[in-house]
Amino acid sequence: DMKVTQMPRYLIKRMGENVLLECGQDMSHETMYWYRQDPGLGLQLIYISYDVDSNSEGDIPKGYRVSRKKREHFSLILDSAKTNQTSVYFCASSFTGGHTGQLYFGEGSKLTVL
Amino acid sequence: KTQVEQSPQSLVVRQGENCVLQCNYSVTPDNHLRWFKQDTGKGLVSLTVLVDQKDKTSNGRYSATLDKDAKHSTLHITATLLDDTATYICVVGDRGSALGRLHFGAGTQLIVIP
């Protein structure tokens, strides 16, 4: 069906709580991404995963970690969330060799940390 | 330092009018450039990808140009519809595969009024 699904879509947490954002894709894409989008800024890459257990830091990895145990699932974890991690988080996927091909985004997960 | 600059920041047009969105970048190397549409509260949807040194693409009412010598791209929307109301995001890829990085602009917010 060529879809990237993010859960949850909305989440409110208190500072210091743990956060788990989940992403799934049904296209067997090797590469998956986590970005955050803040007002007035372009999307910023947090982590990229090239396949199962093959993850690399992006531009802003501090305060985040990821897990990819199955090709179709990619999780973003915030251990002890901070107020400056309030943002909209987007997951995306693509074929590793195909950046000029299709790049699919999920609909976003809006996280508010109080 | 922002490597992808979009202008205008926001734009209001009347339904049926044409509009042009601009993207200037300093990313090097510049393998390809992609335009995305992002409806409010939604994910990014790819409109077109430009690859060649001087490239043109057309996708219905959307057409785009790329001039790599000038590091400049335009997105033209003809006969705008109310559904064109969205943020349009310019993205420059520095490689042709997921091994490269994507550089996102902050977007142009287009509002189409009746």
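First to last, the protein sequences are chains Y and X. Okay, so the first sequence: first residue is 669 according to my numbering, each after it adds one. Okay, so the second sequence: first residue is 5 according to my numbering, each after it adds one. Even for Gly, the Cβ is constructed at its ideal location relative to N, Cα and C.
Residue contact with chain Y for X:Lys46: present (Cβ-Cβ distance below 8 Å to some residue of chain Y).
Residues are counted here when their Cβ sits less than 7 Å from a Cβ of chain X; for the segment 695-707 of chain Y these are Thr699, given in chain order.
For the segment 95-111 of chain X, the residues whose beta carbon sits under 9 Å from a beta carbon of chain Y are, in order, Val95, Gly97, Arg99, Gly100, Ser101, Ala102, Leu103, Gly104, Arg105, Leu106, His107, Phe108, Gly109, Ala110 and Gly111. For Y:Gly684, none of the residues of chain X pass the 9 Å Cβ criterion, the least Cβ distance being about 28 Å. Contacts with chain Y at 8 Å (Cβ-Cβ) include X:Val8.
Residue state for X:Gln13 is assigned as coil, using DSSP reduced to three classes.
Between the segment 754-761 of chain Y and the segment 700-711 of chain Y, the count of C-beta pairs closer than 8 Å reaches three or more; the two stretches touch.
Y:Leu744 has a beta carbon lying at 8 Å or more from every beta carbon in chain X. X:Ser50 belongs to the set of residues whose beta carbon lies under 8 Å from a beta carbon in chain Y. In this structure the segment 27-47 of chain X does not touch the segment 717-725 of chain Y; the number of beta carbon pairs closer than 8 Å is below three.
Between the alpha carbons of Y:Arg736 and Y:Asn723 lies a gap of roughly 8 Å.
Under the DSSP assignment, X:Asp59 falls in the beta strand (DSSP E) whose first and last residues are Lys58 to Asn63. At a cut-off of 8 Å between C-beta atoms, Y:Gln693 does not count as an interface residue with respect to chain X. DSSP places Y:Ala760 in the uninterrupted beta strand (DSSP E) bounded by Ser755 to Ser762. Between Y:Val734 and X:Pro118, the alpha-carbon positions lie close to 45 Å from each other. By the criterion of at least three beta-carbon pairs nearer than 8 Å, the segment 8-24 of chain X is not in contact with the segment 69-77 of chain X. Distance from the Cα of X:Val8 is smallest, within the candidate group X:Arg18, X:Glu21, X:Gln19 and X:Thr32, for X:Thr32. Going by C-alpha positions, Y:Glu725 is about 10 Å away from Y:Tyr732. Counting C-beta pairs with one atom in each stretch, the segment 745-760 of chain Y and the segment 671-689 of chain Y have three or more that are closer than 8 Å, which means they touch.
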